[in-house]
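Note sheet for the following structure.
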Amino acid sequence: MIHYANDFIAECQKAEKQGLIQRIIKRYSRPELFIMDEIGYFSFDD
């Protein structure tokens, strides 16, 4: 599974607002290999 960091963060933020963050965690923890590209471009202060 390959995802861009900005898409992943946006999806997590949306899911958290909707009370569905556990569903996202379950989806992303399923694959044996998870590749997140462009994570170095973000500041994670929040």
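Each residue of the sequence shown is one higher than the one before, counting from 1 in the UniProt record's numbering. Cβ coordinates follow ideal geometry from the N, Cα and C atoms, glycine included. Being a predicted model, the structure only gives us computed values, none of them experimental.
- Residue pairing by DSSP puts isoleucine 35 in a beta bridge opposite Ile2.
- For glutamine 18, there is no enclosing alpha helix (DSSP H), as DSSP marks it with neither H nor E.
- Beyond the five residues adjoining it in sequence on each side, aspartate 37 comes within less than 6 Å, by CB distance, of Tyr4 in the same chain, given in chain order.
- In the structure shown, arginine 30 falls within a coil segment according to DSSP collapsed to helix, strand and coil.
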